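*Asks:* Taken in sequence, the protein lines are chains A and B.
Per this note's numbering, the first sequence starts with residue 1, numbered consecutively.
Per this note's numbering, the second sequence starts with residue 245, numbered consecutively.
Handing you this structure, nothing more for now.
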Amino acid sequence: MAGTAVRGRLTWQVGTVSEVIVETPTVRTIYVDVPDWAGHRAGQHLDVRLTAEDGYSAERSYSIASAPGEPVAITVQRLDDGEVSPYLTDELRPGDELELRGPIGGYFVWDGEPEPMLLLAGGSGVVPLRAMLRHRARTGSATRARLLYSARALPDVIYRAELDEYGRDGAEVSYTLTKQQPPGWSGHAGRVDQVLIEQVAFPVEQHPAAYVCGPTSFVEAVAQWLVMLGYPPSRVKTERFGGK
Amino acid sequence: MTALDGNAIGGLLHEVFGTEMTASVGTCASCGSRRQVAEFVVYLGGPGTVARCRDCLALLMVVTSRQAMNCVDLTGLSDLAV
Numbered sequence: 001m002a003g004t005a006v007r008g009r010l011t012w013q014v015g016t017v018s019e020v021i022v023e024t025p026t027v028r029t030i031y032v033d034v035p036d037w038a039g040h041r042a043g044q045h046l047d048v049r050l051t052a053e054d055g056y057s058a059e060r061s062y063s064i065a066s067a068p069g070e071p072v073a074i075t076v077q078r079l080d081d082g083e084v085s086p087y088l089t090d091e092l093r094p095g096d097e098l099e100l101r102g103p104i105g106g107y108f109v110w111d112g113e114p115e116p117m118l119l120l121a122g123g124s125g126v127v128p129l130r131a132m133l134r135h136r137a138r139t140g141s142a143t144r145a146r147l148l149y150s151a152r153a154l155p156d157v158i159y160r161a162e163l164d165e166y167g168r169d170g171a172e173v174s175y176t177l178t179k180q181q182p183p184g185w186s187g188h189a190g191r192v193d194q195v196l197i198e199q200v201a202f203p204v205e206q207h208p209a210a211y212v213c214g215p216t217s218f219v220e221a222v223a224q225w226l227v228m229l230g231y232p233p234s235r236v237k238t239e240r241f242g243g244k
Numbered sequence: 245m246t247a248l249d250g251n252a253i254g255g256l257l258h259e260v261f262g263t264e265m266t267a268s269v270g271t272c273a274s275c276g277s278r279r280q281v282a283e284f285v286v287y288l289g290g291p292g293t294v295a296r297c298r299d300c301l302a303l304l305m306v307v308t309s310r311q312a313m314n315c316v317d318l319t320g321l322s323d324l325a326v
């Protein structure tokens, strides 16, 4: 049913795919034109609903990859046994329609606060953190930002060129490669552990805000280490993707 | 089934309550812990959507959806700021 969105109500809308960007062999960023988009905050997500001809439908949440003020984009990692992601990454083309609702969330968001931001990403958990860094860059924010991004290998790193640019432009960006490091790799190797978190974390006295996003096990370990370092739990925002 | 968190039910709860809920604070009726909804332990994919307390794992919330109707059980929460 068409109609005007009621203020405050979250309604399903139909957007049109405008562009699909290949980020890695299994990851796509999908730009969607949404006529009545209310605008979003950095870190928010949206729900996507796919409906089969027989009426069966499946919903999934995806973090919004673009900065506030930019067109809506989501970045989707293909899961081989997924019900929704293979369609989004392999089948969707510009001009196709996509049913979604959003923006969603008021907890895992960054609105330009001045305290240092510590961003900790596991795999595709980098997506909402990229929106935050992008927002920071677009607004010329002076907030100190540090990203530690854990990925299996360099080719799995999403947004690498853009993140490296932030790294040259005021933010501190580092990677840890858990499975495979290229010859001469000077970044971190192996899984994120307590020692690495201690290395990258801003001192508690600076009242940093931490944003941790990734697989559930990654998020719970990292959040626990930050609290052990003295970060107040309320300053450690978490978003879990499930998975391994 | 992997545990997610309350961010994953932001859309569902917005639909139910008509407003953003992930930053709202809920109080566990079992242990009294007060946390933002985003911090709840959430399980999707069962017959209902289940939220549990991060501190004592008591059941806080169950939402079952049928057609366009949501059935919401909040008896595990002694308080939820809307």
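Even for Gly, the Cβ is constructed at its ideal location relative to N, Cα and C.
Please read all numbers here as calculations on a predicted model, not as lab measurements.
Does any CB atom of chain A fall closer than 9 Å to the CB of G250(B)?
*Replies:* Yes, G250(B) lies at the interface with chain A (some Cβ there is under 9 Å from its Cβ).
*Asks:* Does any residue of chain B have a CB that is nearer than 9 Å to the CB of I30(A)?
*Replies:* It does not: the Cβ of I30(A) has no partner Cβ on chain B nearer than 9 Å.
*Asks:* Please report whether the beta-carbon of G270(B) lies at a distance below 9 Å from any beta-carbon of chain A.
*Replies:* No, no contact with chain A.
*Asks:* Once the 5 residues before and after E97(A) are set aside, which same chain residues still bring their CB inside 8 Å of it?
*Replies:* Here the set comprises V14, G15, T16, V17.
*Asks:* Can you name, in chain order, every residue of its own chain whose Cβ lies under 8 Å from the Cβ of S322(B), other than the five neighbours on each side?
*Replies:* T271, C272, A273, G276, listed in sequence order.
*Asks:* Over the uninterrupted beta strand (DSSP E) stretch that includes A151(A), give me the two end residues.
*Replies:* 145 to 151 is the span of the beta strand (DSSP E), which, as asked, contains A151(A).
*Asks:* Does DSSP classify D323(B) as helix, strand or coil?
*Replies:* Strand at D323(B).
*Asks:* Rounded to whole angstroms, what's the CA-CA distance from A279(B) to G254(B)? Just pull it up for me.
*Replies:* Looking at the sequence shown, residue 279(B) is not Ala but Arg. Rounded to the nearest angstrom, the two C-alpha atoms are 15 Å apart.
*Asks:* Evaluate the contact criterion for the stretch 128 to 143 of chain A versus the stretch 291 to 308 of chain B: three or more CB pairs, one atom per stretch, below 8 Å.
*Replies:* No, the stretch 128 to 143 of chain A does not touch the stretch 291 to 308 of chain B.
*Asks:* Say whether chain B places a C-beta atom closer than 9 Å to the C-beta of K307(A).
*Replies:* No statement about residue 307(A) is possible, as the shown extent of chain A runs from 1 to 244 and does not include it.
*Asks:* Could you name the residues of chain A that T246(B) contacts, counting a contact when the two beta carbons are closer than 7 Å?
*Replies:* Ordered by position in chain A, the residues that pass the 7 Å Cβ test against T246(B) are T216, G242, G243.
*Asks:* Between T24(A), A223(A), E220(A), V20(A), which lies nearest to A153(A) when the distance is taken from Cα to Cα?
*Replies:* Measuring from the Cα of A153(A), the nearest candidate turns out to be T24(A).
*Asks:* Below 8 Å on C-beta distance, what does D47(A) contact in chain B?
*Replies:* Those within 8 Å of D47(A) in chain B are G255.
*Asks:* Please state if the CB of T29(A) and the CB of A73(A) are separated by a distance shorter than 9 Å.
*Replies:* Closer than 9 Å, so yes.
*Asks:* Between L301(B), V307(B), G262(B), L288(B), which has its C-alpha nearest G242(A)'s C-alpha?
*Replies:* For G242(A), the nearest C-alpha among the options comes from L288(B).
*Asks:* Run through the DSSP bridge pairs and tell me what V286(B) is partnered with.
*Replies:* BP columns for V286(B) point to L248(B), A295(B).
*Asks:* Note down, in chain order, every chain A residue with its Cβ under 7 Å from the Cβ of A282(B).
*Replies:* Y107, F108, listed in chain order.
*Asks:* Out of N314(B), L301(B), F261(B), G250(B), which has the shortest C-alpha to C-alpha gap to G320(B)?
*Replies:* That would be L301(B), whose Cα lies nearest to the Cα of G320(B).
*Asks:* Check whether chain A comes within 9 Å of T266(B), counting only Cβ atoms and requiring the distance to be less than that.
*Replies:* Judged by the 9 Å Cβ criterion, T266(B) is in contact with chain A.
*Asks:* Using only the heavy atoms of the ligand NAD, determine whether one of them is closer than 8 Å to the beta carbon of P183(A).
*Replies:* Absent from the structure shown: the ligand NAD. Ligands present: none.
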